[in-house]
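**Q** What the sequence shown shows, in numbering that gives the first Met the number 0, is residues 0 to 398, in sequence order.
I'd like to ask you about the structure that follows.
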Amino acid sequence: MTPTSHLPRIPGRRFLHSPGPTPVPDEVLWAMSRQPMDLGDPRLARTIAACEQGLKQVLQTEAGEVFLYASNGHGVWEAVVENLLPLGGLALVPGTGHFSESWAVQTEALGRRVLRTPWVPRQPIDVDAVAQALRDDKAREIAAVFVVHTDTSSGVTSDLAALRAAIDATGHPALFVVDVVASLGAAPFAMDALRADVVVGASQKGLMCPPGVGFVGVNARAMEIARGNPAPRYYWDWVRRASDLSYRKFCGTAPQTLIAGLEVALGLLLREGLEAVFERHCRLAGAVHAAVQAWSSAGALGFYAEQPASRSISVTTVTVPPGTDVDALRAVARERFQVAFAGALGPLAGTAFRIGHLGDQNPASILGCLAGIEAALDACGVPFGRDGVARAVAALALD
0 MTPTSHLPRI
10 PGRRFLHSPG
20 PTPVPDEVLW
30 AMSRQPMDLG
40 DPRLARTIAA
50 CEQGLKQVLQ
60 TEAGEVFLYA
70 SNGHGVWEAV
80 VENLLPLGGL
90 ALVPGTGHFS
100 ESWAVQTEAL
110 GRRVLRTPWV
120 PRQPIDVDAV
130 AQALRDDKAR
140 EIAAVFVVHT
150 DTSSGVTSDL
160 AALRAAIDAT
170 GHPALFVVDV
180 VASLGAAPFA
190 MDALRADVVV
200 GASQKGLMCP
210 PGVGFVGVNA
220 RAMEIARGNP
230 APRYYWDWVR
240 RASDLSYRKF
250 CGTAPQTLIA
260 GLEVALGLLL
270 REGLEAVFER
280 HCRLAGAVHA
290 AVQAWSSAGA
300 LGFYAEQPAS
310 RSISVTTVTV
320 PPGTDVDALR
330 AVARERFQVA
340 FAGALGPLAG
350 TAFRIGHLGD
360 QNPASILGCL
370 AGIEAALDAC
380 GVPFGRDGVA
390 RAVAALALD
């Protein structure tokens, strides 16, 4: 008897439309079902090398080194802090909402200082505020700018090229550190072209894997700073992990099952072609946005992100009327209509829900998701414009 064998069988497949975890392709699940290998098996070294090389291709970097961790995104946030900032060191964290604030709080908990730029609800990062903070730093104390590309709670995406240009215009030497956890593998991103010094990612969103693998891409400048950083660290240390030996790369035993899946997932993305992957996500996001626009016609639902250009390709956050029980809405969608989506987090909790449209998704899964959400809205008595699915169909049929 399995722990869930007493539960009734649910026919078909439940649609997963949280912004992470995302659906895992069958090929990835099959790869993860193989037996582990001993640490000296050359196949293990090949799997690790394939993951490193595949991530470099997805990150679009030739110069950077890639370090993988058995961790979630919060773990690799910590890796960045421990490697780049001495104790008492200062990071600038531009306000994006829940996730920028979470990174800032974690940084402070590790004995570092944080300078925040204000978060303007419903808006992307204030580029001018970032530039002003750097100009005001006459002593050049700010060691790095920690930027969240897409805030997964708000569904707002910020303009990385504008932020890079703003940093350059100030002449400030701070490192440019970018969290692409919620955007990598869905939206265009090129580490070298952007001149990002460090990039932070995780396995469970656009990369179509289960949670459990975090990674960083690190360029030569950031690596040199890590080598000179006197802060105590061990597990997170990039210098210790810069090795050809698997047990050094992972500071112990590699998470073989997870990286076996990651190798296959990266292969699937690269076989599809990154441009095709980005185009697919853009089309699916457009269908979701068309549906939300239609739902909003009844005046009760709406986009959280006010600027259309800032609405994420990965996740759409939908505001609900005051008094709406978002958890009850989600439960009805999940249990009655087999569509799982997410609530909002942090300051947005209870005021919105989130539709993930990234990873192993296609038009059929998106249309099924939107229909299930409409059914749940109807069952819960939440008013909405009735032609959301039809608008999504029309948006997809235009391509």
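Beta carbons: idealized from backbone N, C-alpha and C, even for Gly.
#1: For the alpha helix (DSSP H) that Thr169 lies in, which residues bound it at each end?
#2: Could you check which residue in Ser245, Asn228, Pro7 has the C-alpha nearest to that of Ala69?
#3: In whole angstroms, what is the alpha-carbon distance linking Asp196 and Ala143?
#4: Starting from Leu91, trace the beta strand (DSSP E) in both directions and tell me its first and last residue.
#5: Counting only runs of 3+ residues fully inside the region 111-192, write out the beta strand (DSSP E) ranges in chain order.
#6: Buried or exposed for Ser364, going by 16 or more other Cβ atoms inside 10 Å?
#7: Within a Cβ cutoff of 8 Å, which residues of the same chain sit near Gly72, ignoring the five residues on either side of it in sequence?
#8: Grab the span of the alpha helix (DSSP H) containing Leu273 for me, first residue to last.
#9: Give the secondary structure of Leu67 by DSSP, where H, G and I count as helix, E and B as strand, and everything else as coil.
#10: Tell me which residue opens and which closes the alpha helix (DSSP H) that Gly227 is part of.
#11: Using DSSP with H/G/I as helix, E/B as strand and the rest coil, what is Gly251?
#12: Using 9 Å as the threshold, is the C-beta distance between Val287 and Thr315 below it?
#13: Rounded to the nearest angstrom, how far is the Cβ of Glu61 from that of Asp158, given a contact under 8 Å?
#14: Is the region 331-344 touching the region 361-379, taking contact as three or more C-beta pairs under 8 Å?
#15: For the candidate residues Ile141, Tyr303, Val291, Ala44, whose alpha-carbon lies nearest to that of Ala389?
#16: Since Ala201 is in the beta strand (DSSP E), which residue starts that stretch and which ends it?
#17: Rounded to whole angstroms, how far is the Cβ of Val113 from the Cβ of Ala130, which I believe are closer than 8 Å?
#18: Should Ile9 be labelled buried (16 or more other beta-carbon atoms within 10 Å of its own) or exposed?
#19: Are at least three pairs of beta-carbons, each pair with one atom in the region 9-26 and one in the region 237-252, less than 8 Å apart?
#20: Measure from the alpha carbon of Leu193 to the alpha carbon of each residue in Ala160, Trp76, Leu174, Ala168, then state which is nearest.
#21: For Glu223, tell me which candidate among Pro307, Glu64, Arg163 has the shortest Cα-Cα distance.
#22: How long is the line joining the alpha carbons of Asp456 and Ser313, rounded to whole angstroms?
#23: Just to confirm, are Arg121 and Val92 a CB contact at a threshold of 9 Å?
#24: What is the residue span of the alpha helix (DSSP H) that Phe336 lies within?
**A** In brief:
#1: Looking at the DSSP string, the run of the alpha helix (DSSP H) that includes Thr169 is 159-169.
#2: Ser245
#3: 9 Å
#4: Leu91 -> beta strand (DSSP E) spans 89-92.
#5: 112-115, 141-147, 174-178
#6: buried
#7: Asp178, Val180, Val199, Gly200, Ala201, Gly213
#8: 273-294
#9: strand
#10: Start and end: 219-227.
#11: Correct three-state label for Gly251: coil.
#12: yes
#13: Contact flag wrong, Cβ pair sits at about 24 Å.
#14: Flag = yes, the region 331-344 and the region 361-379 touch.
#15: Val291
#16: 197-201
#17: Incorrect: roughly 18 Å between the Cβ atoms, too far for contact.
#18: exposed
#19: no
#20: From the listed residues Ala160, Trp76, Leu174, Ala168, the smallest Cα separation to Leu193 is found for Ala160.
#21: Glu64
#22: Nothing about residue 456 can be reported from this structure: the residues present for the chain run from 0 to 398 only.
#23: no
#24: 325-336
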